[in-house]
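So that you can map any letter, position 222 of the sequence shown is 222 in the UniProt record's numbering, and since no number is skipped, the others follow by simple counting.
A quick write-up on the structure given underneath.
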Amino acid sequence: MTSTLTPARSSAAPPHRRTRSVRWRGPVVAWLFLAPALVLFLYFKFIPMFVGLWKSLFKVQTFLGDEWVGLQNYQTIISDDEFASAIWHSVVLALGTTVGSIVLGLGLALLIEGPARYLWFVRTAAFLPVVTTMAAVAEVWRIMFHPADSGMLNIIIGWAGIGPQPWLASEDSSLWSIMIMSIWRGTPYDMMIFLAGLVGVNRTLYEAAAVDGATTWRRLRHITLPALRPVFWILFTLAAIRGLRVFVEVYVLTNGGPNGSSEVLMTLIYKLGFQKNELGVASAGGIVLFAATLALTVVVQMLRRRQTT
Numbered sequence: 001m002t003s004t005l006t007p008a009r010s011s012a013a014p015p016h017r018r019t020r021s022v023r024w025r026g027p028v029v030a031w032l033f034l035a036p037a038l039v040l041f042l043y044f045k046f047i048p049m050f051v052g053l054w055k056s057l058f059k060v061q062t063f064l065g066d067e068w069v070g071l072q073n074y075q076t077i078i079s080d081d082e083f084a085s086a087i088w089h090s091v092v093l094a095l096g097t098t099v100g101s102i103v104l105g106l107g108l109a110l111l112i113e114g115p116a117r118y119l120w121f122v123r124t125a126a127f128l129p130v131v132t133t134m135a136a137v138a139e140v141w142r143i144m145f146h147p148a149d150s151g152m153l154n155i156i157i158g159w160a161g162i163g164p165q166p167w168l169a170s171e172d173s174s175l176w177s178i179m180i181m182s183i184w185r186g187t188p189y190d191m192m193i194f195l196a197g198l199v200g201v202n203r204t205l206y207e208a209a210a211v212d213g214a215t216t217w218r219r220l221r222h223i224t225l226p227a228l229r230p231v232f233w234i235l236f237t238l239a240a241i242r243g244l245r246v247f248v249e250v251y252v253l254t255n256g257g258p259n260g261s262s263e264v265l266m267t268l269i270y271k272l273g274f275q276k277n278e279l280g281v282a283s284a285g286g287i288v289l290f291a292a293t294l295a296l297t298v299v300v301q302m303l304r305r306r307q308t309t
């Protein structure tokens, strides 16, 4: 009798257990997918960064053992005339590349912005320099910058009656030649970001301005540019960081020459570490560059927040 009165046990799991398992399954799966990338990022980014910070406090001697020198490496590199010259070249290159790529990128974005079908081909063709490896791009430009009369750029300017220019072979023009190539490669990237920003501009504002008789310049000044202000801050930050950390194009085109006229921070740090074997001083230079990049990012973000508020 008692067996017939006992209720049967349910084989299903309690609802709260099932809800808990479903709740934890999503984050766990997401972290599992992210784990390989995070491990690689940790191994190739953060660990070398901390090792570089530690090595910057030592006189690195491969076979004799490292010798603690404290902040002496920082004093050495900050007081070095070559380091000061490399800072100046990096700042000039960063400013020129940033302003040039943003201005030209905005102009191209305004020209090819629209729903026309053929514009996808123009956008794709314009974006090709960004997806091409920098070493290949720099090698092509090195050939184009050939200082002889047969150089491609000298032939082009010769059609306008201008004599051949030394380009990379001159101390006065080597840095500006690198800047031209950097602007050419950075402009399509900025153009695509501007195109994405233009999509979010309210079209009714243009229609209302056209009804009121506003010219194209007034619409650009009072509608387009204010709407693109967040895009400008993003591009300024990215372009400035890209300009400060430039390496491949300088290394391929001039390797810092002639006579150090195009030496930048990255090429100087590379030479200190791998050619002069001063790994401690090179590590200190890398930390200084990281601090400058971080400070620039923080300042730009503070200015952006001040203007938005």
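Idealized CB from N, CA, C, for every residue including glycine.
- The Cβ atoms of valine 246 and leucine 93 sit closer than 8 Å to each other.
- When the Cα atoms are used, glutamine 301 and threonine 237 turn out to be separated by approximately 8 Å.
- Remark: fewer than three beta-carbon pairs, one from each stretch, lie closer than 8 Å, so the segment 80 to 87 and the segment 60 to 70 are not flagged as touching.
- Burial check for proline 230: the Cβ neighbour count within 10 Å stays below 16, so the residue is exposed.
- The beta carbon of leucine 228 sits closer than 6 Å to those of Gly197, all from its chain and outside the five residues before and after it, given in chain order.
- The DSSP-derived three-state label of lysine 276 is coil.
- The residue among Arg25, Asp190 and Leu108 with its C-alpha nearest the C-alpha of arginine 242 is Asp190.
- Residue burial annotation: isoleucine 77 is buried, with at least 16 other C-beta atoms found within 10 angstroms of its C-beta.
- Apart from sequence neighbours up to five positions away, the residues of its chain that approach serine 101 with a beta-carbon distance below 7 Å are Ile183, Gly186, Thr187, Asp190 and Ala239, ordered along the chain.
- For glutamate 67, the pairing in a beta bridge is given by DSSP as Lys59.
- Counted as a single uninterrupted DSSP element, the alpha helix (DSSP H) harbouring arginine 218 occupies residues 216 to 219.
- Rounded to whole angstroms, isoleucine 178 and valine 103 show a C-alpha spacing of 18 Å.
- Uninterrupted beta strand (DSSP E) stretches at least 3 residues long and entirely within the segment 77 to 134 do not occur.
- The alpha-carbon of asparagine 154 is positioned some 8 Å away from that of phenylalanine 145.
- Pairing valine 252 with threonine 267 gives a Cβ-Cβ distance that is not under 8 Å.
- Separation of glycine 280 and serine 262 (C-alpha to C-alpha, rounded to the nearest whole angstrom) is 24 Å.
- Non-local C-beta neighbours of threonine 293 in its own chain, meaning closer than 8 Å and more than five positions away in sequence, comprise Ile241, Leu244 and Arg245, ordered along the chain.
- Closest in C-alpha terms to leucine 296, from the list Gly260, Trp233, Gly285 and Tyr270, comes Trp233.
- In the three-state reduction of the DSSP assignment, tryptophan 159 falls in the coil class, being assigned neither a helical nor a strand state.
- The beta carbon of leucine 195 lies closer than 8 Å to those of Ala109, Ile112, Glu113 and Arg123 in the same chain, with the five residues before and after it left out.
- Glutamate 171 sits in coil when the DSSP states are folded into three classes, being neither helix nor strand.
- By the neighbour-count definition (other C-beta atoms within 10 Å, threshold 16), valine 137 is a buried residue.
- In this structure, the beta-carbon distance from valine 248 to alanine 135 falls below 8 Å.
- Its Cα nearest to that of arginine 221, the residue Leu205 stands out among Leu235, Val211 and Leu205.
- Proline 129 places its beta carbon 8 Å or farther from that of proline 147.
- When secondary structure is reduced to three states using DSSP, histidine 146 falls in the coil class, being assigned neither helix nor strand.
- Taking glycine 52 as the centre and dropping the five residues before and after it, the same chain places the C-beta of Ser283, Gly286 and Ile287 closer than 8 Å to its C-beta, in chain order.
- Spanning the alpha carbons of glutamine 75 and leucine 265 requires a straight line of approximately 16 Å.
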